[in-house]
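Chains as they are written, first to last, in the working numbering: chain F, 1 to 411; chain C, 1001 to 1170.
Beta carbons: idealized from backbone N, C-alpha and C, even for Gly.
The next block holds one structure in the form of structure tokens; read it before the comments.
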Amino acid sequence: MASRIIEWIDHRFPLTSFIKHELTDYPTPRNLGYWWNFGFLAGFVLMLQVLTGLFLAMHYKPDAAIAFDSIQHIMRDVNYGWLLRFMHSTGASSFFLVIYIHMARTLYYGSYRSPRELMWWTGQGLLLLLMATAFMGYLLPWGQMSFWGATVITNLFRATPFIGDHVVVWLRGDYAVGDDTLTRFFALHYLFPFLIIGAVVVHLVALHSVKSSNPSGIDLADKDNIPLHPYYTSKDFFGLGVFLILYFIVVFFFPHSVLEPANNVPANPLITPDHIVPEWYFLPFYAILRSVPNMVGGVVAMGLSVMVFAFMPFLDRSRIPGGGRYRPVYRIMFFLFMLDILVLGYVGYVPPTSKTIAIGQVATFFYFGSFVLLPFISRAEDKWLFKRGLPAKIKALIASEEEDKRKRKQR
Amino acid sequence: MAEYDDLDDTGRRDFLLKMTSVVGGAGVVAASVPFVASMNPSAELLAKANTEVDLSGIPEGGMHTVAWQGKPIFILHRTKEEIKAMAVTNGEKDPEPDSERVKKPEWLVVIGVCTHMGCVPNKEGPGWICHCHGSQYDDSGRILRGPAPKNLEVPPYRFIADNKIMIGQA
């Protein structure tokens, strides 16, 4: 009976061939490590956020007069409301953690290299959408940190040439962040996940066209590929189990570690808290904003600090695949860059003093310097490695990648 | 064979396609106006755009904060010394004489929103300090140091009686 139903469907919709093409016959490199789990984990967290968010929206009121109280209502009166809220707030932090690891893996192994530039750029778009969604969601509890975070960030748009002041009023729907701002942020916070899902579909279609990269950095021959299902589905689900254990440790035992205490005070437009900090996932970018003494310059630097990653396929001029795996200088640069991001995160977290501002400026300089110097360093490293003589294995990899590129062009 | 020549004339087709695209695009832009405009402040908010303040309760040297259009307004009743000290300087980054920032020298009325990122500065010693990013303002609301580019803004206001101002109407 079941086979007859499937046959009936297959006659009208490519169900079996789709499953075959995208799952049971979809070739994946056999050498993928656990760093390749994080795309799947990001997709899972997205679904988790949509689900918990949907149920929270059934109890939340996007009205400045009662928004704060409706959160208390969710926490105290709604059945399992506390669980839904902590899963959603912890989920937001997890989302960024998973995405940042996903990006770090791409950077380390050079997965952004040809032919995967579009994967990298759609991913960049997804990061921006995620940031916007998280920022708008953060206003909804209508606490002090929500209010002043939204005030500071909408104020960034004053840097728009000529019409800056009008843009800020238009974004807020009021002369200061107020009821209109809250209601529209709620509407957009509900909309944006659907844009994210759309962008994820594009990301996945691109992935299934160019296939997964792998630690060696080149496209493997057919004999080195294995089907996605069951080999990597089982590996992904094992990783998911580990993730869920860590996630629920935070949800059940440390839910407040991702929430600011100052946000338990209702929003007050007339008093700014002494120390405004964004959520941890924005800290490095916030530090860059504060490091530039000029206001417009700071806003531009912050925007650039997020967007600059898009240039990686052009900036990395080495011919050697595998990123940090086969390139010692690039590897050192990668880890120094990670360290620099941690320093910026710390600078963004502490109140500004002349000392931390100086540290922040050095770290900002180093942040952008890494990108500016990369074309020269990667070229010099490439020359040095070729001159020293590459191991036969890497030579074979490069030759095989050249072969692959030729084949692609012919197709 | 003239018919075939007509069919092969892609120039006319391209022209029509371009014109349709332009007209259609203009239509989309026109249709977006109400949507974009709906996000600007509503008539209800605009109607509440004025705030009347009675100054008689503010002692000399004291400051009151009132809300106007949802923003804090600092009203500082300045002492003779403060007026004197402010008259001889011009500020630092955004020079402006004190006399152009006040209607009556003893009353300073400024919007209490830091011109950097929109935080509310705190009254500390002479002037204000913004805790968000460390901008400092003097007793005329002029920026002394820090990342803020401009002086605290003076809202439109006028004296409707000796001791009463209307904020929102110049």
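Straight through space, the alpha carbons of Pro-1095/C and Arg-1142/C are spaced by roughly 8 Å. Within a 10 Å sphere around the beta-carbon of Trp-1068/C sit 16 or more other beta-carbons, which makes this residue buried. Secondary structure note for His-1064/C: its beta strand (DSSP E) is the uninterrupted segment 1063-1068. Against chain F, the beta carbon of Val-1120/C has neighbours under 7 Å at Leu-270, Ile-271 and Thr-272, listed in chain order. Remark: C-beta atoms of Pro-1149/C and Thr-1115/C approach each other more closely than 8 Å.
Annotation for Asp-404/F: the continuous alpha helix (DSSP H) segment containing it runs 392-410. Under a criterion of Cβ atoms nearer than 9 Å, the residues of chain C adjacent to Tyr-175/F are, in order, Pro-1041, Leu-1045, Ala-1049, Trp-1068, Gln-1069, Gly-1070 and Lys-1071. Counting only unbroken stretches of 3 or more residues, the beta strand (DSSP E) elements lying wholly within the region 175-231 of chain F are 225-227, in sequence order. One alpha carbon belongs to His-166/F, the other to Asp-1054/C, and they sit about 31 Å apart. According to the DSSP secondary-structure assignment, Leu-315/F is paired through a beta bridge with no residue. A Cβ-Cβ separation of about 7 Å places Gly-1146/C in contact with His-1133/C under the 8 Å criterion. Under a 10 Å Cβ-count criterion, Thr-90/F is classified as buried, with 16 or more other Cβ atoms of the shown protein chains found around its own Cβ. Per the Cβ contact rule, the region 67-74 of chain F is not in contact with the region 129-138 of chain F (fewer than 3 Cβ pairs under 8 Å). In this structure, the CA atom of Ser-17/F is about 11 Å from the CA atom of Ile-9/F. For the region 144-156 of chain F, residues whose beta-carbon sits nearer than 9 Å to a beta-carbon of chain C comprise Trp-148, Thr-151, Val-152, Ile-153, Thr-154, Asn-155 and Leu-156.
Of the candidates Asn-1090/C, Glu-1082/C and Leu-1152/C, the residue whose Cα lies closest to the Cα of Gly-1118/C is Leu-1152/C. In the DSSP assignment, Lys-1104/C is bridged to Trp-1107/C. Listed in chain order, the positions of the region 346-359 of chain F with a beta carbon within less than 7 Å of a beta carbon of chain C are Pro-352. Looking at the backbone, the Cα of Lys-1104/C and that of Arg-184/F are separated by about 41 Å.
The region 105-122 of chain F and the region 196-213 of chain F touch, with no fewer than 3 CB-CB distances between them shorter than 8 Å. In this structure, the straight-line span from the alpha carbon of Lys-1071/C to that of Ala-176/F is close to 6 Å. Listed in chain order, the non-local C-beta contacts of Ser-213/F below 7 Å within the same chain comprise Tyr-109, Ser-111 and Arg-116, local neighbours out to five positions each way being set aside. In the structure shown, Trp-120/F adopts helical secondary structure according to DSSP, grouped into three states. In this structure Phe-1074/C is buried. Its beta-carbon is surrounded by 16 or more other beta-carbon atoms within 10 angstroms.
Contact annotation: the region 382-396 of chain F does not touch the region 297-315 of chain F, with fewer than three C-beta pairs closer than 8 Å.
The shortest CA-to-CA distance from Ser-318/F to any of Pro-273/F, Ile-398/F and Phe-192/F is the one to Ile-398/F. Of the residues assessed, Asp-1014/C falls on the exposed side of the cut-off, its CB having fewer than 16 other CB atoms within 10 angstroms.
Counting the other CB atoms within 10 Å of its CB gives Phe-96/F a total of 16 or more, which places it among the buried residues.
DSSP links Asn-31/F through a beta bridge to no other residue.
Cβ atoms of Gly-39/F and Pro-215/F stay farther apart than 8 Å, at about 15 Å.
Comparing alpha carbon positions, the residue from Asp-404/F, Pro-351/F, Tyr-231/F and Pro-269/F closest to Ala-64/F is Pro-269/F.
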